[in-house]
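Chemist: Residue numbers (the working numbering), protein chains in the order written: chain P, 1 to 191; chain H, 192 to 382. Idealized CB from N, CA, C, for every residue including glycine.
There are 2 protein chains.
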Amino acid sequence: MARRSQTETAVLGALSMHPMTAYALREAIRDVLGHFWSESFGQIYPTLGALERQGHVERREGPRSGSSTFVITDSGTARLRELLNEPITAAPPRNGLLLRLFFGRTLGVRKCRELLLEAKADAERNLAGYEGLARKISAEEKDSPDLPYVLTTISAGRRSAENVIAWADEALALLGDIPADDTTPTNGESS
Amino acid sequence: MARRSQTETAVLGALSMHPMTAYALREAIRDVLGHFWSESFGQIYPTLGALERQGHVERREGPRSGSSTFVITDSGTARLRELLNEPITAAPPRNGLLLRLFFGRTLGVRKCRELLLEAKADAERNLAGYEGLARKISAEEKDSPDLPYVLTTISAGRRSAENVIAWADEALALLGDIPADDTTPTNGESS
DNA sequence: TTCCAGAAATATCTAACAGATATAAGCGGC
DNA sequence: GCCGCTTATATCTGTTAGATATTTCTGGAA
Chain P
1 MARRSQTETA
11 VLGALSMHPM
21 TAYALREAIR
31 DVLGHFWSES
41 FGQIYPTLGA
51 LERQGHVERR
61 EGPRSGSSTF
71 VITDSGTARL
81 RELLNEPITA
91 APPRNGLLLR
101 LFFGRTLGVR
111 KCRELLLEAK
121 ADAERNLAGY
131 EGLARKISAE
141 EKDSPDLPYV
151 LTTISAGRRS
161 AENVIAWADE
171 ALALLGDIPA
181 DDTTPTNGES
191 S
Chain H
192 MARRSQTETA
202 VLGALSMHPM
212 TAYALREAIR
222 DVLGHFWSES
232 FGQIYPTLGA
242 LERQGHVERR
252 EGPRSGSSTF
262 VITDSGTARL
272 RELLNEPITA
282 APPRNGLLLR
292 LFFGRTLGVR
302 KCRELLLEAK
312 ADAERNLAGY
322 EGLARKISAE
332 EKDSPDLPYV
342 LTTISAGRRS
352 AENVIAWADE
362 ALALLGDIPA
372 DDTTPTNGES
382 S
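1. In the DSSP assignment, find the beta strand (DSSP E) that holds ILE263(H) and state where it starts and stops.
2. Taking C-alpha atoms, which residue in LEU80(P), LEU33(P), GLY66(P), ARG64(P) lies nearest to GLY192(P)?
3. Residues in the same chain with beta-carbon distance under 7 angstroms from SER75(P), minus the five sequence neighbours each way, listed in chain order, please.
4. For SER38(P) and ALA180(P), I'd like the C-alpha separation in whole angstroms.
5. Is the beta carbon of ILE154(P) less than 8 angstroms from the beta carbon of ALA139(P)?
6. Which ranges would you report for the alpha helix (DSSP H) in the region 276 to 306 of chain H if only whole runs of at least 4 residues count?
7. With distances taken from CA atoms, which of ALA28(P), THR21(P), ALA14(P) is nearest GLY66(P)?
8. Can you tell me which of the three DSSP states ARG217(H) falls into?
9. Checking 8 angstroms against the spacing of the C-beta atoms, do PRO339(H) and LEU175(P) come in under that value?
10. Beta-carbon separation of LEU98(P) and ALA347(H) under 8 angstroms?
11. Give me the subset of the region 130 to 151 of chain P whose CB atoms are less than 8 angstroms from a CB atom of chain H, sorted by chain position.
12. What are the boundary residues of the alpha helix (DSSP H) that GLU218(P) is part of?
13. Pick out whichever of ALA357(H), GLY320(H), ILE356(H), ALA205(H) has its Cα sitting closest to the Cα of VAL262(H).
14. Just the Cα atoms here: how many angstroms apart are ARG255(H) and TYR236(H)?
15. Taking THR106(P) as the reference, give the member of ARG221(H), ARG304(H), LEU275(H) with the closest Cα.
16. Can you give me the C-alpha to C-alpha distance between ARG26(P) and GLU170(P), rounded to a whole angstrom?
17. Once DSSP output is grouped into helix, strand and coil, what is the label at GLU61(P)?
18. Interface residues of chain P around LYS302(H) at Cβ under 9 angstroms?
19. Tell me, which residues are paired with ALA211(H) by DSSP?
20. Rounded to the nearest angstrom, how far is the Cβ of GLN234(H) from that of GLY96(P), given a contact under 8 angstroms?
21. Could you pull out every residue in the same chain whose Cβ sits closer than 7 angstroms to the Cβ of ALA267(P), ignoring the five residues on either side in sequence?
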């Protein structure tokens with residue numbers, strides 16, 4: 001079944017903000033959509049080629065020799081609207097932390113606690129980032145009609161980070177009773 | 192860089208619970224780890240072959256002709272411990288809902304609200320599932336040393352579902368001010 | 001001014017992976 | 001004895017991440 005490339009949606013979406021080179025596109029996707037989306041060069045180049053062939057984007061002289069800036073066309077905008085309306089294809093879950101915790105008895109309590117503390121610290125860093133970002137965007141784009149939409153995505157990130165912090169504390173408490181069983185953990189050889 | 196196959200970890204982990212056929216393995220991963228992990232047949236068969244060649248699993252007579260049951264070996268258990276100790280490779284984010292909301296002005300407020308309501312309903316279904324699962328596992332595995340570990344993963348799912356519900360409400364409120372503008376997707380492209 | 005380091009930029013290749021699909025054996029009901 | 005279902009094995013294709021090769025441009029040191 002279709003298994004439509006979601007890359008197309010992200011690329012057209014980014015170009016709908018303003019024209020860019022492929023390189024800048026990658027940067028924009030990483031910096032702006034990075035909280036909930038990612039694309040690799042390996043996808044971006046072929047996708048831009050296909051979109052050009054279909055007339056959804058046009059290639060213009062880039063900022064230097066051999067460089068191209070891509071501009072979205074009217075048909076590209078229509079195509080974007082079409083793609084955004086397609087049903088969401090859920091990404092299959094792949095959470096390495098939970099996989100390790102599930103087999104925590106094999107991994108050892110100590111290492112589990114370590115992983116949880118790391119995850120919590122990461123989430124705290126992210127949380128600070130989201131809070132700063134929300135303030136910055138709210139000020140800079142005060143009158144943009146895009147603002148409320150962007151704020152919903154930032155809020156998702158912020159809440160998710162808060163959630164991880166609270167969960168990590170609960171998980172640490174759940175593992176609190178388990179004795180630090182020296183038989184299980186740390187096989188010296190790996191890493 | 193290594194780009195270690197995470198499939199190996201999940202397969203060995205599942206087999207560490209008890210011997211299974213490849214088919215049952217897929218079922219087990221879907222039903223037991225399904226909240227945070229997924230594997231496809233396309234990965235499971237080649238991985239089992241490779242693990243057999245390395246002596247980490249052994250192939251036994253299966254429940255019927257041509258069928259094989261796989262058993263984890265001692266070296267397989269050691270390998271699992273090694274893999275669990277490797278650093279977590281984070282899955283690149285790919286959230287189709289947030290991608291659509293980010294470009295919400297192009298998609299239209301109405302559709303955004305629809306998507307949010309769907310997401311909330313999904314989360315409510317999931318939440319009920321997690322709560323039931325936590326009760327069931329707590330009772331059935333009351334004395335299992337694995338229980339606290341499993342409970343941390345279920346709690347992650349439950350909290351995540353609760354989080355989506357609260358976020359969806361906030362997002363709907365954020366979009367509340369925007370007029371329903373049926374013609375919304377103005378391709379004026381001014382932006 | 002030339003040289004060099006590093007950033008910007010373009011492009012390609014491989015391994016990992018999801019999902020679809022082909023096939024067949026056993027099993028119950030009718 | 002046929003049909004449909006589940007169990008089971010296996011493979012193929014399109015999607016994707018990430019590594020890497022290469023070139024052009026820019027700023028600073030010699």
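Modeler: According to the structure shown:
1. 259 to 263
2. Since the displayed chain P opens at 1 and closes at 191, residue 192(P) lies outside it and no answer follows.
3. GLY55, HIS56
4. 39 angstroms
5. It is not a contact, given that the beta carbons lie outside the stated cut-off.
6. 287 to 293, 295 to 298
7. Comparing Cα-Cα distances from GLY66(P) to each of ALA28(P), THR21(P), ALA14(P), the minimum goes to THR21(P).
8. The three-state secondary structure of ARG217(H), taken from DSSP, is helix.
9. Cβ atoms of PRO339(H) and LEU175(P): closer than 8 angstroms.
10. yes
11. PRO145, ASP146, PRO148, TYR149, VAL150, LEU151
12. Shown here, chain P extends from 1 to 191; a query on residue 218(P) therefore has no answer.
13. ALA205(H)
14. 18 angstroms
15. LEU275(H)
16. 37 angstroms
17. GLU61(P) falls in the strand class under three-state DSSP.
18. LEU84, ASN85
19. With the sequence shown as reference, residue 211(H) is identified as Met, and Ala is not the correct amino acid for it. Note: MET211(H) sits in a beta bridge opposite PHE261(H).
20. Not really, about 16 angstroms apart at Cβ, beyond 8 angstroms.
21. There is simply no residue 267(P) to check, as chain P begins at 1 and stops at 191 in what is shown.
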